[in-house]
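See below for the structure under consideration.
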Amino acid sequence: MYAADGVLAVRTERGTSIVPANRVAWTPAGFTHRHRAHGDTDMRIAFLPPSLARLLPDHPVVFLASGLAREVLLALTAPRNDDAAGPGNDDAGPRYSRSARLRLLRVLVDELDEAREQPLHLPEPRDDRLQALARMLYETPADNATLAELGRRVGAGTRTLSRLLRSELGMTFYEWRTQLRIHHALVLLADGHDTGRTAYACGWSNPSSFITAFTDIIGTTPGRYRADLRTTARASRLPAVVGPCRPPRPKPCAGATHLS
């Protein structure tokens with residue numbers, strides 16, 4: 001799954017991944033998943049045959065999208081000639097033979113195999129108390145209540161919650177809340193919010209501490225991240241020329257949820 005423009009949230013039983021316009025989400029066969037578009041999102045989906053799928057991880061993961069991977073995905077998901085052709089529509093997309101399509105998919109898999117896995121996956125808790133805690137933090141990411149205060153709301157002590165976080169998610173409460181806030185920040189930044197507004201909306205006391213946390217997890221500053229999103233979105237909107245034809249851009253989906 002690739003967001004040529006906008007941002008996606010992909011959820012499986014393993015957890016939730018945030019997929020902005022410069023990332024690719026891989027979901028292996030057998031994982032029931034749901035993806036939600038935040039705002040106007042141009043979502044592209046490509047399916048891999050088993051022979052290629054086994055070359056990628058056996059768990060959901062988010063990859064950094066190289067320029068070549070992006071162009072292959074845009075080409076594979078452009079409208080086909082028979083789908084796009086019609087009265088008043090001369091811009092029919094390319095039709096690939098089965099062998100040509102397989103070659104493009106091999107290039108895509110090679111690019112993803114070389115790409116870095118991104119720390120954009122937030123694991124899903126199983127314990128009822130942790131699930132209640134997660135709902136509160138998702139709804140109010142700026143809430144700076146301590147674990148003891150939050151524990152009183154869900155009916156569990158600090159020691160119990162800390163043990164559950166370690167055993168189920170492999171994180172401390174601080175690490176988990178930071179990851180959750182970074183997820184929320186990615187959506188806000190993709191929606192066009194500036195660094196300062198995003199920092200306060202996600203619970204940081206000042207932009208500099210937010211920039212530090214964001215850079216530690218994402219590997220770049222929020223400002224650079226926003227600039228990269230704009231560059232990627234502009235590149236994705238450029239018409240891909242195949243012979244004399246230019247495939248039209250698919251209509252964006254706004255806030256859509258898809259189950260598969």
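The letter at position 159 of the sequence shown is residue 159 when you use the working numbering, and the numbering goes up by one with no holes. For each residue, glycine too, the CB sits at the ideal point set by N, CA and C.
Distance from the CA of Pro222 to the CA of Gln118, rounded to the nearest whole angstrom, comes to 15 Å. Under DSSP, Met43 forms a beta bridge with Ala3. In this structure, Leu105 sits near Leu52, with a CB-CB distance shorter than 9 Å.
Residues Pro119, Thr178, Gln179 and Ile182 of the same chain have their beta carbon placed closer than 8 Å to that of Ile217, with the five preceding and five following residues left out of the count.
Residue burial annotation: His121 is buried, with at least 16 other C-beta atoms found within 10 angstroms of its C-beta.
Gly192 is the residue among Trp204, Gly192, Ala199 and Tyr200 whose C-alpha sits nearest the C-alpha of Asp228. Only residues of its own chain outside the window of five on either side were considered, and among them Val24, Leu112 and Ala115 have a CB closer than 6 Å to the CB of Phe63, listed in chain order.
Its Cα nearest to that of Ser162, the residue Leu133 stands out among Leu74, Leu133 and Ala142.
Nearest to Ala145 by C-alpha distance, out of Ala3, Tyr174 and Arg226, is Tyr174.
Residue pairing by DSSP places Gly15 opposite Thr12 and Pro123 in a beta bridge. In this structure, the alpha-carbon of Glu149 lies about 41 Å from that of Asp42. A residue is called buried when at least 16 other Cβ atoms come within 10 angstroms of its Cβ; Ser99 does not meet this threshold and is exposed.
Between the alpha carbons of Thr27 and Ile18 lies a distance of about 13 Å. Across the structure, Arg159 and Ser66 are spaced so that their CA atoms are roughly 43 Å apart. By the neighbour-count criterion, in which a residue is buried when 16 or more other Cβ atoms sit within 10 angstroms of its Cβ, Thr140 is exposed. Excluding five sequence positions before and after Asn206, the CB atoms of its chain that fall closer than 8 Å to its own CB belong to Ala199, given in chain order. In the DSSP assignment, Arg23 falls outside any alpha helix (DSSP H) and within the unbroken beta strand (DSSP E) covering Arg23 to Trp26. When secondary structure is reduced to three states using DSSP, Pro20 falls in the strand class. In the three-state reduction of the DSSP assignment, Leu55 falls in the coil class. Under DSSP, Phe173 takes part in no beta bridge, so it has no partner.
Inter-residue distance for Thr77 and Ala156 is about 48 Å (C-alpha atoms, whole angstroms).
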